[in-house]
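Here is the structure we will look at, set down as structure tokens.
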Amino acid sequence: MVREYSAQRHLPPLESGDRLTRPEFERRYAAAPHIKKAELIEGIVYIASPVRHEQHGKPHSRVITWLGVYQSLTPGVDLSVEPTVRLDLDNEPQPDVVLFIEPDAGGQTRLSSDGYIEGSPELIVEIAASSAAIDRGSKKQVYRRNGVLEYVIWQSYENQIEWFCLIDGDYQLLSPGADGIIRSQVFPGLWLAVEALLKNQMVRVLEVVQAGLKSPEHNAFVQQLKK
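Structure (structure tokens):
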């Protein structure tokens, strides 16, 4: 135990811009408990800045509320907030929110022996400061290459949401229907009233997702997950 502490104490500090292997990133991250969020993207370390309420915390809470209702009524589907995800040897992001099918229900991920998500969650949501953020650049390509099936980006400064679906190896933008609702292609019944979410009209957001949860396609999905 003393030897382990001594080894950690002599590790170089974890800093943004470092080029590291994933094991070395994990060692330095574990030795820096003062760092609350760090990610390895294409072998480069990114350490998050302090989180602002309006630009990040508030949108984040709305997304969790929306997805939490869906997950709670969809057995076989799990939800996690800011988990470390081991995607590949050069990428270990810490997405804002992930929604995934549990391994026993046929999902793409698994839990490691030390409790981390390994593999690609079916859906990832990131709250980005703007369209220039890493979430729309390197991360998007990493998620696409690793087979994240749906990727939602909420750009807080522009106050817009982009929902991408992986089709034939590339991300295609999902557009709202005539009723203003985007419907997930991976999670049947996961419906989003986009403008209502952007305007913080959460009663409407919850009405729409609850309607999706009562749909025949959601019922069929739940039955499929139980098999």
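Mapping of the sequence shown onto the working numbering: residues 1 to 227, in sequence order.
Yeah, the Cβ is synthetic: ideal placement off N, Cα and C, and Gly gets one too.
Small disclaimer: the values here were computed from a predicted structure and weren't measured.
Same chain, Cβ closer than 6 angstroms to residue 213, five either side skipped, listed in chain order: In the sequence shown, counting from the first residue as 1, residue 213 sits at position 213. For residue 213, where only same-chain residues beyond five positions count, the Cβ hits under 6 angstroms are 73 and 189.
Ordered list of beta strand (DSSP E) runs contained in the segment 8-75, each at least 3 residues: 38-41 and 44-47
Beta-carbon spacing of residue 46, residue 83 below 9 angstroms: Position 46 of the sequence shown, counted from the first residue, corresponds to residue 46. Position 83 of the sequence shown, counted from the first residue, corresponds to residue 83. No; because the gap between Cβ atoms is not below 9 angstroms, this pair is not in contact.
Residue 170 burial status per 10 Å Cβ neighbour count (16 or more: buried): Stepping through the sequence shown from its first residue, residue 170 is reached at position 170. When all chains shown are included, residue 170 counts as exposed.
Beta-carbon gap between residue 161 and residue 123 smaller than 9 angstroms: Sequence index remark: in the sequence shown, residue 161 carries index 161 (1-based). Sequence index remark: in the sequence shown, residue 123 carries index 123 (1-based). Result no, Cβ atoms of residue 161 and residue 123 do not sit closer than 9 angstroms.
Paired residues, beta bridge with residue 100 - DSSP: Counting from one through the sequence shown, the residue named residue 100 turns up at place 100. Per DSSP, 78.
DSSP three-state assignment for residue 238, whether helix, strand or coil: With the chain covering only 1 through 227, there is no way to say anything about residue 238.
Check whether residue 129 and residue 56 have beta carbons under 9 angstroms apart: Translated into positions along the sequence shown, residue 129 becomes position 129. Translated into positions along the sequence shown, residue 56 becomes position 56. Yes. Within cutoff.
Check whether residue 144 and residue 166 have beta carbons under 9 angstroms apart: Looking up residue 144 in the sequence shown gives position 144. Looking up residue 166 in the sequence shown gives position 166. Their beta carbons are under 9 angstroms apart, which means residue 144 touches residue 166 by this criterion.
Exposed unless 16 or more other CB atoms sit within 10 angstroms - verdict on residue 219: Here residue 219 is taken as the residue at index 219 of the sequence shown, counted from 1. Residue 219 is exposed by the Cβ-count criterion.
DSSP-derived helix/strand/coil call for residue 170: On the sequence shown, residue 170 is found 170 positions in, with the first residue counted as 1. Residue state, collapsed to three classes: strand.
Secondary structure of residue 151, DSSP reduced to three states: As a working mapping, residue 151 is identified with position 151 in the sequence shown. Looking at residue 151 - three-state DSSP - the assignment turns out to be strand.
Proximity winner among 109, 60 and 18, relative to residue 90 (alpha-carbon distances): As a position in the sequence shown, residue 90 is number 90, starting the count at 1. With distances taken between Cα atoms, residue 90 lies closest to 18.
Cβ neighbour criterion (16 or more within 10 Å) applied to residue 137: As a position in the sequence shown, residue 137 is number 137, starting the count at 1. Counting Cβ neighbours within 10 Å, residue 137 comes out exposed, since fewer than 16 surround it.
As assigned by DSSP and simplified to three states, the class of residue 87: As a first step, residue 87 must be located in the sequence shown, where it is residue number 87. DSSP places residue 87 in coil when its eight states are reduced to three.
Nearest-angstrom beta carbon gap, residue 59 and residue 154 [assumed within contact, 8 angstroms]: On the sequence shown, residue 154 is found 154 positions in, with the first residue counted as 1. On the sequence shown, residue 59 is found 59 positions in, with the first residue counted as 1. Between residue 59 and residue 154 the Cβ distance is about 5 angstroms, and since that is below 8 angstroms, they are a contact.
Beta bridge counterpart(s) of residue 204 as assigned by DSSP: Counted from its first residue, the sequence shown places residue 204 at position 204. None, per the DSSP bridge assignment.
Cut-off 8 angstroms between Cβ atoms - residues of its own chain near residue 222, not counting five sequence neighbours on either side: Numbered from 1 along the sequence shown, position 222 holds the residue referred to as residue 222. Closer than 8 angstroms at Cβ, skipping near neighbours: 74, 75 and 76.
Other residues of its chain near residue 95: CB distance less than 8 angstroms, five sequence neighbours each side excluded: In the sequence shown, the residue the question calls residue 95 occupies position 95. The answer, listed in chain order, is 82, 83, 85, 121, 124, 125 and 126.
Residue 142, buried or exposed, once every other Cβ within 10 Å from all chains shown has been counted against 16: Reading the sequence shown from its first residue, position 142 is the one you call residue 142. Classification for residue 142: buried.
Same chain only: Cβ atoms within 6 angstroms of residue 13, ignoring 5 sequence neighbours per side: The residue labelled residue 13 in the question sits at position 13 within the sequence shown. Same-chain partners within the cutoff: there are none.
Where residue 20 falls, given that 16 or more other Cβ within 10 Å makes a residue buried: Reading the sequence shown from its first residue, position 20 is the one you call residue 20. Looking at its Cβ environment, which holds 16 or more other Cβ atoms inside 10 Å, residue 20 is buried.
Proximity of residue 186 and residue 196 at Cβ, strictly below 9 angstroms: Locating residue 186 in the sequence shown gives position 186, counting from the first residue. Locating residue 196 in the sequence shown gives position 196, counting from the first residue. Their beta carbons are not under 9 angstroms apart, which means residue 186 does not touch residue 196 by this criterion.
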